[in-house]
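I have placed the structure first, in the form of structure tokens, so that the comments after it can refer back to it.
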Amino acid sequence: MSTSQQFRVCPTTGLKVYSDAQSLIKANAVAAVIFLAIGGLFGLSVALTRWPDVHLLPMDWFYLALTAHGLDVLLCWIIFFEVAVLYFASAVLLNCRLASPRTAWVAFWLMIIGAVLTNITILQGDSTVMFTSYTPLKAAPNFYLGLIIFAVGALVACGVFFGTLVIAKDERTYEGSVPLVTFGALTAAIIAVFTLASGAIILVPTWLWSLGYISNIDPLMYKLVWWAMGHSSQQINVSAHVSIWYAVAAILLGAKPLSEKASRLAFLLYIFFLQLASAHHLLVEPGVGSEWKIFNTSYAMYLAVLGSMIHAMTVPGTIEAAQRRRGFNKGMFEWLRKAPWGNPAFSGVFMSLVMFGFLGGISGVVLGTEQINLIMHNTLYVPGHFHATVVTGTTLTFMAVTYLLIPLLFQREIMFPRLARWQPYVFAIGAAGISLFMMGAGTLGVPRRHWDITFADAIFPYQIPSAGFLMMALNGISAVFAATGGIMYIVNVVASVFFGKRTADAPAKASAPEPVMARPVVAEYGSAGTMYIPGTIFLVGVFFVSFVLYYFVNWKYLAEVWPLR
Amino acid sequence: MAITSPANRLWWKEPIHRVELIWIVIAFLWGLAMFFTMVYWHAIGEQNLANTTYKIAPAAFSAKAERMAEQYKVRDELGIPVVRPPPGGDVYLLGRIWMWWPILELEKGQSYRIHLSAMEYSHGFSLQPVNINIQVQPGYEHVFTMTPTDTGQFSILCNEYCGFGHHTMASPLYVVESGAARSPQE
Numbered sequence: 302m303s304t305s306q307q308f309r310v311c312p313t314t315g316l317k318v319y320s321d322a323q324s325l326i327k328a329n330a331v332a333a334v335i336f337l338a339i340g341g342l343f344g345l346s347v348a349l350t351r352w353p354d355v356h357l358l359p360m361d362w363f364y365l366a367l368t369a370h371g372l373d374v375l376l377c378w379i380i381f382f383e384v385a386v387l388y389f390a391s392a393v394l395l396n397c398r399l400a401s402p403r404t405a406w407v408a409f410w411l412m413i414i415g416a417v418l419t420n421i422t423i424l425q426g427d428s429t430v431m432f433t434s435y436t437p438l439k440a441a442p443n444f445y446l447g448l449i450i451f452a453v454g455a456l457v458a459c460g461v462f463f464g465t466l467v468i469a470k471d472e473r474t475y476e477g478s479v480p481l482v483t484f485g486a487l488t489a490a491i492i493a494v495f496t497l498a499s500g501a502i503i504l505v506p507t508w509l510w511s512l513g514y515i516s517n518i519d520p521l522m523y524k525l526v527w528w529a530m531g532h533s534s535q536q537i538n539v540s541a542h543v544s545i546w547y548a549v550a551a552i553l554l555g556a557k558p559l560s561e562k563a564s565r566l567a568f569l570l571y572i573f574f575l576q577l578a579s580a581h582h583l584l585v586e587p588g589v590g591s592e593w594k595i596f597n598t599s600y601a602m603y604l605a606v607l608g609s610m611i612h613a614m615t616v617p618g619t620i621e622a623a624q625r626r627r628g629f630n631k632g633m634f635e636w637l638r639k640a641p642w643g644n645p646a647f648s649g650v651f652m653s654l655v656m657f658g659f660l661g662g663i664s665g666v667v668l669g670t671e672q673i674n675l676i677m678h679n680t681l682y683v684p685g686h687f688h689a690t691v692v693t694g695t696t697l698t699f700m701a702v703t704y705l706l707i708p709l710l711f712q713r714e715i716m717f718p719r720l721a722r723w724q725p726y727v728f729a730i731g732a733a734g735i736s737l738f739m740m741g742a743g744t745l746g747v748p749r750r751h752w753d754i755t756f757a758d759a760i761f762p763y764q765i766p767s768a769g770f771l772m773m774a775l776n777g778i779s780a781v782f783a784a785t786g787g788i789m790y791i792v793n794v795v796a797s798v799f800f801g802k803r804t805a806d807a808p809a810k811a812s813a814p815e816p817v818m819a820r821p822v823v824a825e826y827g828s829a830g831t832m833y834i835p836g837t838i839f840l841v842g843v844f845f846v847s848f849v850l851y852y853f854v855n856w857k858y859l860a861e862v863w864p865l866r
Numbered sequence: 002m003a004i005t006s007p008a009n010r011l012w013w014k015e016p017i018h019r020v021e022l023i024w025i026v027i028a029f030l031w032g033l034a035m036f037f038t039m040v041y042w043h044a045i046g047e048q049n050l051a052n053t054t055y056k057i058a059p060a061a062f063s064a065k066a067e068r069m070a071e072q073y074k075v076r077d078e079l080g081i082p083v084v085r086p087p088p089g090g091d092v093y094l095l096g097r098i099w100m101w102w103p104i105l106e107l108e109k110g111q112s113y114r115i116h117l118s119a120m121e122y123s124h125g126f127s128l129q130p131v132n133i134n135i136q137v138q139p140g141y142e143h144v145f146t147m148t149p150t151d152t153g154q155f156s157i158l159c160n161e162y163c164g165f166g167h168h169t170m171a172s173p174l175y176v177v178e179s180g181a182a183r184s185p186q187e
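Protein chains in written order, with the working numbering: chain Z, 302 to 866; chain D, 2 to 187.
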């Protein structure tokens with residue numbers, strides 16, 4: 302096809318951008334942002350309902366909004382954006398045309414149809430089964446059908462990505478190995494195939510059950526297989542956003558990986574071990590043994606955690622090394638103090654890195670410890686943990702990289718640079734608050750997915766400790782902050798994309814310092830000389846000490862509860 | 002750079018720098034430590050949830066719970082039986098929309114074999130303010146031993162979404178001193 306051969310060369314970066322790839326990245330990114338807006342509003346209404354003094358929504362709307370919130374942000378926003386990232390990391394970074402753009406459009410429309418169908422079905426009111434839709438709770442057939450169509454679309458998109466890698470290799474559009482960022486995206490895509498296939502394996506029979514063709518879906522089997530999609534899909538996010546961390550460090554600061562081998566090994570560990578995490582949801586379940594729980598919940602002796610801990614050093618390490626090369630060499634932290642904090646792409650990525658590690662990572666390992674799960678399972682600690690990973694980790698990173706993609710792909714300037722400058726901070730404060738206060742409420746026993754913790758309608762009401770109510774109020778306030786940050790992002794993105802000044806002629810000035818992109822076809826890198834990273838070593842040390850302390854503190858809490866055998 | 006192909010085509014032959022290598026080794030050892038802590042806790046810890054599970058039809062489990070309630074009922078509260086099973090014995094607790102049935106009265110320091118199951122939907126056994134949380138599934142009878150160590154009135158909440166009455170699902174659980182008199186009326 303002739304159109305697939307059309308390309309332009311981006312004046313900012315020197316990257317070759319094919320028009321088909323560009324349109325598809327744009328379409329998927331725009332769809333992602335729309336679902337973020339919808340899902341974010343549902344999320345805000347949920348948080349305001351759980352703030353006892355506000356208690357916004359009536360009961361049935363609360364559970365409905367919670368179901369839709371999970372679907373729209375956890376699945377739609379994230380997977381649409383990830384498809385954009387996959388196309389970017391293959392077609393754009395490899396200087397290659399996209400494999401079969403027509404198939405990619407089919408994938409896009411399948412995902413749209415699926416997402417819209419499930420949303421409509423939820424809004425009709427008889428599918429309020431939460432995003433997890435645990436059987437025997439039964440939703441209307443179209444709830445499952447929409448998810449299946451969406452998953453098929455996403456699988457096809459992964460196929461387009463793999464095809465593009467093959468074309469790039471055949472047509473020798475790059476030399477040697479694929480870039481680290483593409484390698485990370487490949488990791489995400491491989492995990493995505495496992496994830497989406499698991500989703501299809503469980504949702505197809507559940508759909509047939511909902512239609513009446515199958516009499517019974519075992520609740521435990523459902524949960525086991527469903528979480529092979531539900532949890533593993535969060536591992537797609539991890540791989541994707543870690544790739545973006547490397548990409549943003551490279552684009553803004555010219556950062557080079559400390560060691561290709563170590564960083565790629567870390568991604569490889571993700572491919573081998575991250576999918577075992579379905580077990581995290583079955584730790585206090587009947588019917589599965591402790592050996593199974595321990596092996597799977599720890600990703601086979603924490604080998605996927607090892608991958609993340611490697612990135613925890615190499616990502617800030619590459620940033621520090623690059624900054625020191627640029628001359629910020631004084632003391633331990635000049636490189637960090639004089640980092641481009643006014644650039645939303647950098648500030649978003651760095652805050653995401655810190656919060657993903659400290660809030661999301663540590664809490665995830667503790668929550669996923671077989672016995673400690675007893676004092677946390679299904680309390681608000683669980684949403685607290687995953688808002689730290691998915692909101693402060695993935696969402697904040699995706700927002701940050703958008704500020705680079707708009708000039709690069711949409712060829713528009715950011716319309717309100719000052720708004721963009723503050724947006725990551727407002728959003729990060731809100732998201733960190735949501736995570737921390739929900740975790741706090743969870744340790745006080747506040748249940749998740751609960752309309753009324755005053756138990757006003759209960760026959761035997763229970764008095765939640767007053768600190769729990771305080772946590773829920775603070776959570777509501779944090780949600781207002783996060784929503785404000787979200788609106789700042791969406792308004793700016795929409796305005797820039799449709800009305801921003803074109804950048805086709807002038808190099809982009811995305812409120813950024815000049816991107817260090819004097820780009821040889823193949824970058825140089827070496828480990829010697831760049832390994833003076835005392836600041837990173839200090840930060841990693843603080844992280845490790847916090848990790849160990851928090852881990853054992855929770856064993857102590859566990860030891861205080863009633864003995865169980 | 003991370004967005005370009007590695008300059009050294011034989012990047013896998015480059016040695017990993019000592020600083021990075023040390024961190025990888027520390028992280029790996031920490032992973033092993035956390036793994037074996039879970040195993041070790043099974044040997045020395047007191048909070049290890051048993052995995053003994055039987056498949057059972059919800060109606061059959063419900064019948065067992067009713068039999069126990071008839072045998073050991075000490076009083077009614079709002080029409081729901083309060084049951085004081087003998088220490089060391091079998092205790093059946095059924096999660097159903099939207100209550101835990103029956104209400105239990107246990108003795109401090111005594112061990113009970115708790116049988117947990119659910120009627121229609123999954124429920125979440127959430128004992129407060131102790132904060133012990135166990136998932137309950139219809140069709141599965143989960144058996145484990147629990148030993149209350151404090152007296153007083155506790156609450157069992159539901160922390161798994163189970164339909165529009167989910168937020169009203171809470172039942173008391175009483176723990177009395179060992180050997181305390183049964184109080185038929187309260």
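For every residue, glycine included, the Cβ atom is placed at its ideal position computed from N, Cα and C. Note that the structure is predicted; figures quoted are calculated from it, not measured.
Taking Cβ positions only, does residue i come closer than 8 Å to chain D?
{"i": "S599(Z)", "result": "yes"}
{"i": "I552(Z)", "result": "yes"}
{"i": "V823(Z)", "result": "Note on V823(Z): pLDDT 35, under 50, position unreliable in the model; no value is reported."}
{"i": "D427(Z)", "result": "no"}
{"i": "V310(Z)", "result": "no"}
{"i": "G830(Z)", "result": "Unreliable placement is indicated for G830(Z), whose pLDDT of 47 sits below 50; the coordinate value is still reported in the next sentence. Judged by the 8 Å Cβ criterion, G830(Z) is not in contact with chain D."}
{"i": "K557(Z)", "result": "yes"}
{"i": "V843(Z)", "result": "no"}
{"i": "A548(Z)", "result": "yes"}
{"i": "E815(Z)", "result": "Bear in mind that a pLDDT of 42 at E815(Z), under 50, signals an unreliable position, so the model cannot answer this."}
{"i": "L865(Z)", "result": "yes"}
Could you tell me how far apart the beta carbons of residue i and residue j are, in whole angstroms, since I believe they sit closer than 8 Å?
{"i": "A742(Z)", "j": "M773(Z)", "result": "6 Å"}
{"i": "G367(Z)", "j": "M431(Z)", "result": "With the sequence shown as reference, residue 367(Z) is identified as Leu, and Gly is not the correct amino acid for it. Indeed, because the Cβ distance is near 6 Å, the residues count as touching under 8 Å."}
{"i": "L399(Z)", "j": "A332(Z)", "result": "Wrong, their Cβ atoms sit about 17 Å apart, outside the cutoff."}
{"i": "R97(D)", "j": "E121(D)", "result": "7 Å"}
{"i": "W24(D)", "j": "V841(Z)", "result": "7 Å"}
Per the DSSP calculation, residue i is bridged to which residue(s)?
{"i": "G513(Z)", "result": "None; G513(Z) has no bridge partner."}
{"i": "F155(D)", "result": "L174(D)"}
{"i": "Q48(D)", "result": "L865(Z)"}
{"i": "A601(Z)", "result": "In the DSSP output, where bridge partners are listed per residue, A601(Z) has none listed."}
Are any of the Cβ atoms in chain Z nearer than 8 Å to that of residue i?
{"i": "Q129(D)", "result": "yes"}
{"i": "Y171(D)", "result": "The identity of residue 171(D) in the sequence shown is Ala, whereas the question assumes Tyr. Answer yes: the Cβ-Cβ gap between A171(D) and chain Z drops below 8 Å somewhere."}
{"i": "E187(D)", "result": "At E187(D), the pLDDT of 45 sits below 50, so the modelled position is not reliable; the number obtained from the coordinates is stated separately. No - not a single Cβ of chain Z is within 8 Å of the one on E187(D)."}
{"i": "F165(D)", "result": "yes"}
{"i": "L50(D)", "result": "yes"}
Tell me which residue opens and which closes the beta strand (DSSP E) that residue i is part of.
{"i": "D77(D)", "result": "74-78"}
{"i": "P82(D)", "result": "81-84"}
Would you kindly report the start and end of the unbroken alpha helix (DSSP H) that includes residue i?
{"i": "A729(Z)", "result": "718-744"}
{"i": "H124(D)", "result": "Where H124(D) is concerned, there is no enclosing alpha helix (DSSP H), although the beta strand (DSSP E) it sits in stretches over 124-129."}
{"i": "Y852(Z)", "result": "835-860"}
{"i": "D321(Z)", "result": "320-351"}
{"i": "E383(Z)", "result": "379-388"}
{"i": "I4(D)", "result": "No alpha helix (DSSP H) contains I4(D), which DSSP labels as neither H nor E."}
{"i": "L697(Z)", "result": "697-706"}
{"i": "A666(Z)", "result": "The sequence given here places Val at residue 666(Z); Ala does not occur at that position. Taken as a continuous stretch (DSSP letters only), the alpha helix (DSSP H) holding V666(Z) covers 663-668."}
Heavy atom of the ligand SAH less than 7 Å from the Cβ of residue i, yes or no?
{"i": "R803(Z)", "result": "Absence of the ligand SAH from the depicted structure is noted, as is the absence of any ligand whatsoever, leaving it without description."}
For this session: Identify each residue in the region 28-46 of chain D for which the Cβ-Cβ distance to at least one residue of chain Z is less than 8 Å, and report them in chain order.
Result: The region 28-46 of chain D vs chain Z, Cβ under 8 Å: A28, F29, W31, G32, L33, M35, F36, T38, M39, V40, W42, H43, G46.
Exercise. Name the residues in the region 136-149 of chain D whose C-beta lies less than 8 Å from a C-beta of chain Z; which are they?
Worked result: Listed by position, the residues of the region 136-149 of chain D near chain Z (Cβ gap below 8 Å) are Q136, V137, Q138, P139, G140, Y141, E142, H143, F145, T146, M147, T148, P149.
Problem set entry | Contact list for the region 87-111 of chain D against chain Z, Cβ threshold 9 Å | When CB distances to chain Z are screened at a threshold of 9 Å, the residues of the region 87-111 of chain D falling below it are W99, M100, I104, in chain order.
Exercise. Relative to chain Z, which residues along the region 2-21 of chain D have a C-beta separation below 7 Å, given in chain order?
Worked result: For the region 2-21 of chain D, which is checked against every Cβ of chain Z, the residues closer than 7 Å are M2, A3, I4, T5, S6, P7, A8, R10, W12, W13, E15, I17, H18, V20, E21.
Problem set entry | Residues, ordered as in the chain, of the region 458-485 of chain Z that lie near chain D by beta-carbon distance below 7 Å | Under the 7 Å Cβ criterion, the region 458-485 of chain Z contributes Y475, E476, G477, S478, V479, P480, L481, V482.
Exercise. Listed in chain order, which residues of the region 600-633 of chain Z have Cβ atoms closer than 8 Å to some Cβ of chain D?
Worked result: For the region 600-633 of chain Z, residues whose beta-carbon sits nearer than 8 Å to a beta-carbon of chain D comprise M602, Y603, L604, V606, L607, M610, I611, M614, T615, G618, T619.
Exercise. Given a limit of 7 Å on CB to CB distance, which residues of the region 678-712 of chain Z reach chain D?
Worked result: Cβ contacts with chain D come from H678, N679, T680.
Exercise. Using a Cβ cut-off of 7 Å, which residues of the region 58-76 of chain D contact any Cβ in chain Z, in chain order?
Worked result: Listed by position, the residues of the region 58-76 of chain D near chain Z (Cβ gap below 7 Å) amount to none.
Exercise. Got a sec: which bits of the region 747-761 of chain Z sit with their beta carbon under 8 Å from any beta carbon on chain D, in order along the chain?
Worked result: Within the region 747-761 of chain Z, P748, R749, R750, H751, W752, D753, I754, F756, D758, A759, I760, F761 place their CB atoms closer than 8 Å to a CB of chain D, listed in sequence order.
Problem set entry | Selection of the region 581-594 of chain Z by Cβ proximity to chain D, strictly under 7 Å | Cβ contacts with chain D: V585, E586, P587, G588, V589, G590, S591.
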